[in-house]
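First the structure, in the form of structure tokens, and then the observations on it.
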Amino acid sequence: MKKKFLLLFFLTKKILLKNYKIVFCNILFFIMFSLNAQIAENDPSKYIPNIIPPSTTAYALGTYGNTPIGLFTGSQNISIPIYTYKTANLEVPISMFYSSNGIKVDEISSNVGQSWNLSFGGVITRIVRDKPDEDRGNFPIPISITEATGRYSPQALDFYQYIGENDVDTESDIFSFNFGKYSGKFIFTYEGGILLMPAQELKIEYTQNSEGINFTITAPDGVKYYFDNQEITTQRVLGGGHSIPNITVSSWYLSRIVHPKGDQIQFTYDDATSTYTTSKSQTYRMLYPRIQYDAAGNLEQYTGGLSPMYEHTMNVAGKAIKSIKSTNPFYGEVAFTYLSTSSADVTTGNNKISQITIKDKNAAEIDRINFTYTTTPNSRVFLDKVQFKDVNQNYQFEYNNRNSFPARLSLSQDHWGYYNGKNNTNIVPAVDAYELQSVSYNGANKDPDGNFAKIGLLSKIIYPTEGYTTFDYEPNDYYGQITVEPTRVYQSISAVTTEETNTTSSQSIYANGARTQKVSIIAGTGFYCSDPSLDTGKSKATISVYNTTAGRYEILFRTDNNAEISNSFYQITPNTASAAKNFYFVASANQTYRISISSDWFCTSSTLNYNYLPGNATIIPGNVKTGGIRVQRTSDYASASSAPVIKRFLYAKKDDLAKSTGNKGQEPYYIDTYKVEKILESPGAGIFGVVSTATYLNLSSSSLASLFDTGSSNVFYNYVTISYGSDNFLNGGEEHEFIVHRDAGDGFVIGTGDIRSVPLSNLGWDNGLEKKVTYFNKDLKTVKQTINEYEERSALRKEVISYSARKNYEKILSAPVNYECTQADLTKRTPYWRCVANHTHQILMNDMFFGDGYTCIAPGHDNRTMYIEHPCYGLTLPKTISNLANIDNLSIVSYKNYAFWHYLKSTQEITYDLNGNNPVTATTNYNYRGINHTLLSSQSSNNSKNELLETKYFYPKDSEMSAKPIVNQLIAANIIGVPLDTQNYKAGTLLSEQLTIYDNNTTTANLPLPVSVYAAKFPNALPNITTPSIGQLEKKITFNQYDTKGNILQYTPESGIPVSIIWGYNQTQPIAKIENASYSEVLSYVSNLQAKSDTGTEAELITALNVLRTALPNAMVTTYTYKPLIGVSTVTDPKGFITTYTYDSFGRLETVKDNLGNILSEN
């Protein structure tokens, strides 16, 4: 079945435009528990939480240039930050990004225009393979049977027949997720567990009910992400009679984020329905070979031909983001507004975002971002401008000749779906093989053309500073073989009669070379005497083609309908239809042909024109153009009058720039063959006779083999060289080397059918990883190199096998298959797991990625180990058994979904002198020794004395931490990503250690939070603390008390002097830091201060804070006030001196003034 790839949001790579400075709209105080490798015993402040506000940064306009390019694929990676919504412990960046290797003709614009995407939260999308996994049910035969008993065992044959004859799901759907800083894929195992690809420290849970599946993902910091806003897609094919709609849940949008401390961010959506035609398809069907005979010796009758155009329609019952807000109203809200009209590139829906509004807790506007679009004459929607509330803060965009980009569903597409400018009338490709060259079906020209493929791409960004960047493009290519055809030979012959004689004219051609070709012929005849009364209508011409090598006349075919018109002589008259005067014959290689035309009747003039290729094509090595576009050059301008800063991208090695390093991937493949069986009846008897088989060819309009087999690009580049300043390394450059490792077939095939549409096994775990970067100067001398080494832990590799089955034809008769038992078969039985309770199963995959088994944990579960016995089990040799499973009408291909885990093993930094000599190497090694997690265990390097320095990290899942307090609770909450213990070594000797102890009791408001930090240098004479398991360490800081939101209320450093913190503004910001006073001493002031910050004026809050300062003469009190969602407003130090921060109407910092009103800084 046809797979539809829905990609709603592409959030995997967020690369910000360099040098952009974003306003600190909210100056957040933070608590930082230091985990630095070097522990300085004489620096007790390193363990103290930092509650000093970071310096406020002026609201700077975006600067120009230095746009990042995805070198491995040659695409732009442009990101424009819009806003970051924050709570005390959570944040959601909102940004736009652009990345494209060319616009697909059938591509639909997003909610912010063509090729742009808006990132605002998270989503899980799904590619359905075969059928939705939630409809899978149980197999009567375990799907792992072929691996356990052998792919040709009787049980395996039974399994193949079962999946071939029944409408069952044997392929795992692919779920892709993007949220926060996490992205990846996962699949369901056949037991109901979840397998992450690649492995990550994420905990994925799902619930299933009558409305389908919903997901919860817990990150390594214990933050939970809930995905339960479903998008439902209905697909249907129109144009070929009644089609059953295919309805699936295609996406799950993020609905809320919950931090272990209680913060929540909620995402609300409006229902949004879009309807459109996704694509068109077409097929051409014919007998192959064209001449076939049935079992009775009769010529098979030709059926098939060119199909009509089919339209693949889609109805998306989706979601449109409406708002982002917290359960704490202090953090305000981000609201989204849409254009009222549907997008021009769809039938209905797909409304574009017109405005994003940032609001405070009172719904007052903080900032406003407007989006402006242009709709082209061909109904394409392009983003023109992003305008912030500040009139000087805007981004403008220009595109390559966008009005010339065709309307969606245009037939002017290359093999990859990019625009190629060809005037095609069909969408099935012209194929010069499989005898298709002997028929005429007006196939489409799907050759790529970079001049057209780059139309509509982003050509210029104008930044708020009025600086700008321009982009130049060129077609993708790879080094391969270029086919050069010989010059086509055009010939003409004629035959003219006089008033008394007839004449015949002929010429011979020699079809040279190992090729079969179609020789086109156009003929005509007419009466030419001056007296038209003499024309009796008897003028005619006779055409023949004689194969002098084989001694036979060739069959002639009409060009317009491929019908056979002659197998010896063909006659035309002046009144013959034009179409009938255009015909062809098929010339075989190394044969000589005599083409003849004769004129019959007096005053008749006849002509014949033909053309052919006189020999084979010549193959020469060179760079071959292929589908898609890559960035050729970027030019950064500080202003309209400034000289550009140029980067030229050369997709080749520095030392061989003329030879592309592109890896092209799979070739387009459109051909599918299948059989049709029929029973011939015995003449007159009315009983069945023999089974007769005919073979057909089906030419599809889309490649059966995926041309994007390993990701979203069809071409990857092994080497990319960057020239700075010009095309010729005026200012030096860089050479980047990448690993190219494509996905590939990794299964087996049963049957003879060619199922090219089967997904590949995801073997390319290291595809696209950067292996080496070499920096060189303008003299091309190497000045620096970075070399990376990666490793895949094969011992931790997991896999799930899938089967793609196709019935090649309806089998009429089957015969038993005999099997000879072996000695091993007599005792062979295969165990498998199953919960036999009649309920909805809830499957726990033990230890997630690292577990080997599965367990149903639903109430009333009944987990059992079952066995499949070999048919020879318990029998006595010799023994032959018969199996009725006959699968010779089936084609079954297996492939695997792998859960790899890989990591960066080492990095070498090599520096050279200006002449490229005297290298100095620094190596950092990374070790991931954990047997039940994928976190960094240690890293090491050598110092200037060549001594080995190593830092080791221990996490809750490590056995060394098993005796620490509440470790099991941390694991259960998936708070596993931060080291509890950090140890530093030199030459194998322990130098220092730092240990953080967690608890969840009344002190921590029953939240799992740090309660103390221990540290020490070694060797030392400290006592060994065993309860709890601490070791020879001493306490550096105690976190005495937290509130219910996880804010620290009091901590006591090693000095014993307590420090208290009062949190205001609905407990979101610290408003007072009191040194030398416990929280119980200031508790009587807290309620009033919090009330003043929540609902009072700033003046009232400052007055109340001054009362606190006066009441505690022995304490040092620092106080703070804020403009919510803007920044800090005042800071009053322990001496009572006030520093004041003022902002303009756009929230930009204007001035910083001291206690006397003097301006300390001004923007």
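Residue numbers for the sequence shown follow the numbering used here, so the first one is 1382 and each next one is one higher.
The beta carbon of each residue, even a glycine, is placed where N, CA and C say it ideally should be.
If you draw a straight line from the Cα of D1548 to the Cα of P1810, it comes to about 32 Å. Separation of T1756 and A2021 (C-alpha to C-alpha, rounded to the nearest whole angstrom) is 27 Å.
For a cut-off of 8 Å, the C-beta gap from I1638 to Y1606 is around 6 Å, short enough to register as a contact. If the five residues before and after F2089 are omitted, its C-beta is found closer than 7 Å to the C-beta atoms of N2095, all from its own chain and listed in chain order. Boundaries of the beta strand (DSSP E) around V2440: V2440 to G2445. For P1462, the enclosing beta strand (DSSP E) starts and ends at I1459 to K1467. Among the bridge pairs identified by DSSP, K2059 is matched with S2073.
Boundaries of the beta strand (DSSP E) around F1558: I1555 to F1560. Pairing G1573 with N1595, the inter-Cα distance amounts to about 14 Å. When the beta-carbon positions are compared, Y1799 and P1787 stay at least 8 Å from each other. In this structure, K1919 is the residue among N1928, N1942, K1919 and Y2522 with its C-alpha nearest to the C-alpha of Q1952. Pairing K1770 with R1749 gives a Cβ-Cβ distance under 8 Å. Annotation: the continuous beta strand (DSSP E) that includes V2026 extends over V2026 to L2031. Q1663 is the residue among Q1663, P1710 and A1701 whose C-alpha sits nearest the C-alpha of H1693. Under a 10 Å Cβ-count criterion, P2252 is classified as buried, with 16 or more other Cβ atoms of the shown protein chains found around its own Cβ.
When secondary structure is reduced to three states using DSSP, N2487 falls in the helix class. Excluding the 5 residues flanking it on each side, V2440 has same chain C-beta neighbours closer than 6 Å at Y2432 and E2456, in chain order. No Cβ-Cβ contact shorter than 8 Å links N1470 with K1742. DSSP, read as helix, strand or coil, puts F1852 in strand.
Partner residues in a beta bridge of L2316, as assigned by DSSP, do not exist.
For K2286, the enclosing beta strand (DSSP E) starts and ends at H2283 to T2292. Around the beta carbon of G2008, a 10 Å sphere encloses 16 or more other beta carbons of the protein chains shown; the residue is thus reported as buried.
For D2017, the number of other beta carbons within 10 angstroms of its own is at least 16, and it is reported as buried. No Cβ-Cβ contact shorter than 8 Å links A2496 with L2470. If you draw a 10 Å sphere on the C-beta of D1514, you find 16 or more other C-beta atoms in it, and that means buried. Every candidate alpha helix (DSSP H) stretch fails here, since none sits fully inside the stretch 2240 to 2264 while reaching 4 residues. Here L1680 is exposed: its Cβ has fewer than 16 other Cβ atoms, across all protein chains shown, within 10 Å. With 16 or more other Cβ atoms inside 10 Å of its own Cβ, T1506 counts as buried. Annotation for A2280: the continuous beta strand (DSSP E) segment containing it runs L2271 to A2280.
For the set S2023, A1701 and Y1657, the Cα lying nearest the Cα of T1649 is the one of A1701. Secondary structure at P1913: helix, using DSSP grouped into helix, strand and coil. Proximity of the stretch 2270 to 2281 to the stretch 2122 to 2129 meets the contact definition, three or more beta-carbon pairs being nearer than 8 Å.
Taking all protein chains shown into account, M1695 has 16 or more neighbouring C-beta atoms within 10 Å of its C-beta and is therefore buried. DSSP, read as helix, strand or coil, puts M1690 in coil. Apart from sequence neighbours up to five positions away, the residues of its chain that approach D1511 with a beta-carbon distance below 6 Å are D1550 and E1552, ordered along the chain. At the C-beta level, L1764 and G1494 come within 8 Å of one another.
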